[in-house]
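Engineer: If you read the sequence shown in our numbering, its first letter stands for residue 3, the second for the next number, and so on. A virtual CB, placed ideally from N, CA and C, is assigned to each residue, including glycine. Pasting a structure below so you can have a look.
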Amino acid sequence: MPFAARLGRLAAVLSLLAMTACSTTSAGSHVLGNPENPYPLSAPPKVGDIIHLPTGILVTPQQMSAVVTDARIAYIGETHDNPAAHRLELDILKAMEERKPGKVALGMEMFTRSQQPVLDRWVAGELDEKSFIKQSRWFDTWRMDFGYYRDLLLFCRDKHIPVIALNAEKEIVQAVRSGDLSALTAEQKAQLPEMDLTDRYQRAQTESIFADHSHGKMAVEGFLRVQTLWDETMAETAARYLASPAGKERSLVIIAGGNHIGYGFGIPRRVFRRVPTSYVTIGGREVVVTRKEEPVTMNVDLPDFPAPPYDFLVHYAYEGLPQPEVQLGVMFEPTGKGSGLIVKMVLPDSNASRAGLQEGDVLLEMDGEPLKESFDLVWGIKQKHPGDKSKLKVERKGETLSLEVLYKEGKQHQHGKP
Numbered sequence: 003m004p005f006a007a008r009l010g011r012l013a014a015v016l017s018l019l020a021m022t023a024c025s026t027t028s029a030g031s032h033v034l035g036n037p038e039n040p041y042p043l044s045a046p047p048k049v050g051d052i053i054h055l056p057t058g059i060l061v062t063p064q065q066m067s068a069v070v071t072d073a074r075i076a077y078i079g080e081t082h083d084n085p086a087a088h089r090l091e092l093d094i095l096k097a098m099e100e101r102k103p104g105k106v107a108l109g110m111e112m113f114t115r116s117q118q119p120v121l122d123r124w125v126a127g128e129l130d131e132k133s134f135i136k137q138s139r140w141f142d143t144w145r146m147d148f149g150y151y152r153d154l155l156l157f158c159r160d161k162h163i164p165v166i167a168l169n170a171e172k173e174i175v176q177a178v179r180s181g182d183l184s185a186l187t188a189e190q191k192a193q194l195p196e197m198d199l200t201d202r203y204q205r206a207q208t209e210s211i212f213a214d215h216s217h218g219k220m221a222v223e224g225f226l227r228v229q230t231l232w233d234e235t236m237a238e239t240a241a242r243y244l245a246s247p248a249g250k251e252r253s254l255v256i257i258a259g260g261n262h263i264g265y266g267f268g269i270p271r272r273v274f275r276r277v278p279t280s281y282v283t284i285g286g287r288e289v290v291v292t293r294k295e296e297p298v299t300m301n302v303d304l305p306d307f308p309a310p311p312y313d314f315l316v317h318y319a320y321e322g323l324p325q326p327e328v329q330l331g332v333m334f335e336p337t338g339k340g341s342g343l344i345v346k347m348v349l350p351d352s353n354a355s356r357a358g359l360q361e362g363d364v365l366l367e368m369d370g371e372p373l374k375e376s377f378d379l380v381w382g383i384k385q386k387h388p389g390d391k392s393k394l395k396v397e398r399k400g401e402t403l404s405l406e407v408l409y410k411e412g413k414q415h416q417h418g419k420p
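Right under this line is the structure:
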């Protein structure tokens, strides 16, 4: 071999070795910068700031939307009880629909697969809000105030945007939480998606969440199985929809809690395993608190992860609903006679106690509407706000009474058995 050729080959080998050496780290070396925030801002972020985390560049909502709508999937990690998070979701969905009219769907953690027929009827305009909430079993499945999601779901109904129920059924969740997967029945195993329980980042996150609690190893393992079940079920549902005749030409906006989307190892990675396609992740961070209620926080010290939590991070306030919800302050259950609800307990210093309700009273009507089942009372209370009143028709020891309730804010609850 000529000397020049040998020299060229040697240079190529040395170059390859140098590249290999640069791509590894030796024991004791440190990573340059913070992988989760490689380009930190020079000043603390404020409400309205949107950061593209991989580059540290501040962008406008329009610039973010232009990037997000290029992707086939937009994942949004929400704070469930923050209206600002839901406005962000609605803004992204509107931008996607404007960019791709008639070619968008919304996937929601908040609904289980068995609720899909009701969602289809809602999008078709066949149900009003009360019928939708009742038939979807909203108060049983998700339990949060419907007001957080109303505008988003109304937009889907108005634009006939398909809403996809992503999540697993409660029964299979409980079975997976309670025991090892090998202990499930054949019928239960048939409901399971493909389960990858080996993701070390998800395990590290779960162990961190439980580190401040004395639940024990069994609880940690049970929650890890459930978290994986949720993520895998939602990923499988989304992937099946995207590959289906109904979804193959559509883009998908997926909304779920931040722990299902942040850092990508929850739903996004598991969807990509099934359907490799383009996606963008968006998250929010509360920088001020403007709500009246004291935020409920957990003392969690998450481990370091080797990537930014989201592609885009939107900074907003932690808000309350414009109209705070109120409660009656009773425990009740149906009489079993086809109508009426019997009061089992009246909470002290509640709206119910101030109105004169007593244990053993049978609630017959609210504002002239018959109370035939638990949903009727729950729905009626959900329509009230601080300062509102209602008339209750009550049967007490064979006598019919009319009581007026004045609704005030406060930590009181009504709980009913179906």
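In the DSSP assignment, what residue or residues form a beta bridge with Pro336?
Structural biologist: Position 334 of the sequence shown holds residue 336. Paired residues: Leu343.
Engineer: Please work out which residues of its chain come closer than 8 Å, Cβ to Cβ, to Val222, disregarding the five sequence neighbours upstream and downstream, and give them in chain order.
Structural biologist: One-based indexing of the sequence shown puts residue 222 at position 220. Excluding residues within five positions, the ones whose Cβ falls inside 8 Å are Thr208, Glu209, Phe212.
Engineer: Hey, does Met347 have any beta-carbon neighbour from chain B nearer than 7 Å?
Structural biologist: Protein chains in the displayed structure number just one, and chain B is not present.
Engineer: For my contact list, Val273 and Ala237 are in at a C-beta cut-off of 8 Å; report their separation, rounded to the angstrom.
Structural biologist: On the sequence shown, position 271 is the one that residue 273 refers to. On the sequence shown, position 235 is the one that residue 237 refers to. That belief holds up - the Cβ atoms of Val273 and Ala237 are roughly 4 Å apart, short of 8 Å.
Engineer: Is there contact between the stretch 368-377 and the stretch 329-349, where contact requires at least three CB pairs shorter than 8 Å?
Structural biologist: yes
Engineer: In the DSSP assignment, what residue or residues form a beta bridge with Glu371?
Structural biologist: Here residue 371 refers to the residue found at position 369 of the sequence shown. Partner(s): Met368.
Engineer: Which ranges does the alpha helix (DSSP H) cover as unbroken runs of at least 4 residues, wholly within the stretch 157-220, from first to last along the chain?
Structural biologist: 172-180, 188-192, 202-212
Engineer: I'd like to confirm the pairing. Which residues does DSSP put opposite Phe314 in its beta bridges?
Structural biologist: Along the sequence shown, one-based indexing puts residue 314 at 312. In the DSSP output, where bridge partners are listed per residue, Phe314 has His54, Ile284.
Engineer: Measuring alpha carbon to alpha carbon, tell me which residue in Glu401, Arg276, Lys395, Ala248 is nearest Pro195.
Structural biologist: Your numbering for residue 195 matches position 193 in the sequence shown. When each option's Cα is compared against that of Pro195, the closest is Arg276.
Engineer: Pull up the CB-CB distance for Ile257 and Ile78, whole angstroms please, since I reckon it's below 8 Å.
Structural biologist: Counting from one through the sequence shown, the residue named residue 257 turns up at place 255. Counting from one through the sequence shown, the residue named residue 78 turns up at place 76. The pair is a contact, with the Cβ atoms about 5 Å apart (cut-off 8 Å).
Engineer: Do you know offhand how far Gly358's Cα is from Met333's?
Structural biologist: Residue numbering aside, residue 358 sits at position 356 when the sequence shown is read from its first letter. Residue numbering aside, residue 333 sits at position 331 when the sequence shown is read from its first letter. Computed Cα separation, rounded: 15 Å.
Engineer: Shortest alpha-carbon distance to Lys102 belongs to which of Arg123, Arg74, Leu129?
Structural biologist: Residue 102 sits at position 100 when you count from the first residue of the sequence shown. If we check each option's Cα against that of Lys102, Arg74 comes out closest.
Engineer: Cβ atoms of Lys393 and Val328: under 7 Å apart, would you say?
Structural biologist: Counted from its first residue, the sequence shown places residue 328 at position 326. Counted from its first residue, the sequence shown places residue 393 at position 391. No, these two residues do not count as a Cβ contact at 7 Å.
Engineer: Within the continuous alpha helix (DSSP H) that includes Thr89, where are the two ends?
Structural biologist: For this step, residue 89 is matched to residue 87 along the sequence shown. Correcting the residue identity first, residue 89 is Arg in this sequence and not Thr. Here the alpha helix (DSSP H) through Arg89 covers 85-101.
Engineer: Pull up the distance between the alpha-carbon of Gly181 and that of Ile174, whole angstroms please.
Structural biologist: Sequence index remark: in the sequence shown, residue 181 carries index 179 (1-based). Sequence index remark: in the sequence shown, residue 174 carries index 172 (1-based). Cα to Cα, the separation comes out at about 11 Å.
Engineer: Check this for me: beta carbons of Leu129 and Val165, under 7 Å apart or not?
Structural biologist: One-based indexing of the sequence shown puts residue 129 at position 127. One-based indexing of the sequence shown puts residue 165 at position 163. The answer is no: Cβ separation not under 7 Å.
Engineer: Quick one: complete beta strand (DSSP E) runs, 3+ long, within the stretch 236-281?
Structural biologist: 253-259
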